[in-house]
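Residue numbers for the sequence shown follow UniProt numbering, beginning at 1 and rising by one.
All C-beta atoms in this analysis are idealised placements derived from N, C-alpha and C, irrespective of residue type, glycine included.
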Amino acid sequence: MHPNEFGMLSKNKIKLINSLTHSKYRQQEGLYIAEGTKLTETLLDAQRPIATIIATPQWLSAHTLPPSIEIVEADESEMKKITQLSTPSPVMALARIPTNQSTPNTPEGQLWLGLDNIRDPGNMGTIIRLAQWFGIDAIICNKGTVDCYNPKVVQATMGAIAHVNIHYTALNAFIATHQSEQWPVYGTFLEGRNLFQESLSASGMIVLGNEGQGISDEVAKEINKKILIPDFSGEGQKPESLNVSVAAAIVCAEFRRRTLG
């Protein structure tokens, strides 16, 4: 017998879930949607607070959940009413948005990312996933950056949302306050110095700009290290630009490669 009591998927619960696709209601309720077995299990393993789990009887019979979590049993037809995916998953978690969202103030010795108005949820989710892969503990976002608890972002993180600290603030002011010789701030620019030839610090911040506009002027003026991913395509074949999440992967990999000796 499962230690939790099961509830039913009520109209009010469906209404709540559907409202969480909007940032306003996520903030109001302090909840976000995490759909799928991998995402749910990652949140549980990381002991991230979960308010409710809605799942099929088959999924529930295979999992033991903490008694603090509200459990709602739903069949496949009911899961279709709440899914954000093209094919419904057997489980959805309503996880609690962390309340300790104050911006950290001691970045020295660490490598962080700064996101300047990244708008695409897929890019945002992939960058969060990359941050976990490369051991980057924190991401500082301008307030124009897409909400990291947007369901499409959460889905794209593949569970990394549970392991990376993400903070929203005025990025230019944050850089101005924390930048130092020991903690330089790098940004990707067309007029930057070749990433593969530039001296790179083991700590600091890497700033990535908006998909269409790049790094904004107000943030650019605070950056003291301009870098460029060189183009090897050859004369007359130059692509327009790199996707920002691809650029993030290249830059993070090069920074970490330098620490190998």
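- Message: Let's test the definition: count the other Cβ atoms within 10 Å of the Cβ of Q155 and tell me whether it reaches 16, buried, or not, exposed.
- Response: Q155 is buried by the Cβ-count criterion.
- Item | Nearest residue (CA-CA) to G122, options I250, M8, V244, R256 | Taking only the C-alpha atoms, the option nearest G122 is V244.
- Among A93, G30, N117, Q182, the one whose alpha carbon lies nearest that of G212: N117
- Task: Entirely within the UniProt domain "tRNA/rRNA methyltransferase SpoU type" (112-252) and at least 4 residues each: give me those alpha helix (DSSP H) ranges in chain order.
- Result: 121-133, 151-157, 171-178, 217-220
- Query: Just curious, the beta strand (DSSP E) that L94 is in, first and last residue?
  - Reply: Run containing L94: 91-96, per the beta strand (DSSP E) assignment.
- Message: Comparing C-alpha positions only, which one of F232, I227, I140 sits nearest to A173?
- Response: I140
- Task: Indicate the three-state DSSP secondary structure (helix, strand or coil) for E108 in the structure shown.
- Result: coil
- Message: According to DSSP, simplified to helix, strand and coil, what is I14?
- Response: helix
- When burial is assigned at 16 or more other CB atoms within 10 Å of the CB, is M205 buried or exposed? buried
- Chain-order list of residues whose beta-carbon lies under 6 Å from that of M92 (same chain, five-residue window excluded): E35, I54
- If you run the structure through DSSP and keep just helix, strand and coil, what is M1? For M1, the pLDDT reaches just 39, beneath the cut-off of 50, and the residue's location in the model is therefore unreliable, leaving the point undetermined.
- Task: May I have the straight-line CA-CA distance separating N142 from V153, to the nearest angstrom?
- Result: 16 Å
- Message: If you follow the beta strand (DSSP E) that T52 is in, where does it begin and where does it stop?
- Response: 50-55
- Simplified DSSP state of L39, which is helix, strand or coil: Note: L39 maps to helix in three-state DSSP.
- Give me the Cβ distance between L20 and L31, rounded to the nearest whole Å; I'm assuming they're in contact under 8 Å. So it is a contact: roughly 6 Å between Cβ atoms.
- CB contact flag (V72, T52, <8 Å): yes
- Classification of P67 by the beta-carbon crowding that lies within 10 angstroms, buried from 16 upward: exposed
- Query: What is the DSSP secondary structure of I82, counted as helix, strand or coil?
  - Reply: helix
- Message: I need the boundaries of the alpha helix (DSSP H) containing S23, first residue and last residue.
- Response: 23-29
- By how many angstroms is the C-alpha of Y149 removed from the C-alpha of A247? C-alpha separation (whole angstroms): 23 Å.
- Item | Straight-line gap, L228 to V207 (C-alpha atoms, nearest Å) | 12 Å
- Query: Near L242, what residues of its chain come up, given a Cβ to Cβ distance below 8 Å and the 5 sequence neighbours on each side ignored?
  - Reply: I229, I250
- What separation, rounded to the nearest whole angstrom, lies between the Cα atoms of I14 and G114? A direct Cα-Cα distance of roughly 36 Å separates I14 from G114.
- When burial is assigned at 16 or more other CB atoms within 10 Å of the CB, is D217 buried or exposed? exposed
- Item | Inter-residue spacing [alpha-carbon to alpha-carbon] between A170 and I223 | Rounded to the nearest whole angstrom, the CA to CA distance from A170 to I223 is 14 Å.
- Enumerate in chain order the residues of its own chain whose CB-to-CB distance from Y168 is below 6 Å, with the five nearest sequence positions on each side excluded. For Y168, where only same-chain residues beyond five positions count, the Cβ hits under 6 Å are C141, K143.
- Message: Can you tell me which residues form a DSSP beta bridge with A34?
- Response: A93
- Where Q28 and H22 are concerned, what is the direct C-alpha to C-alpha distance, given to the nearest angstrom? 10 Å
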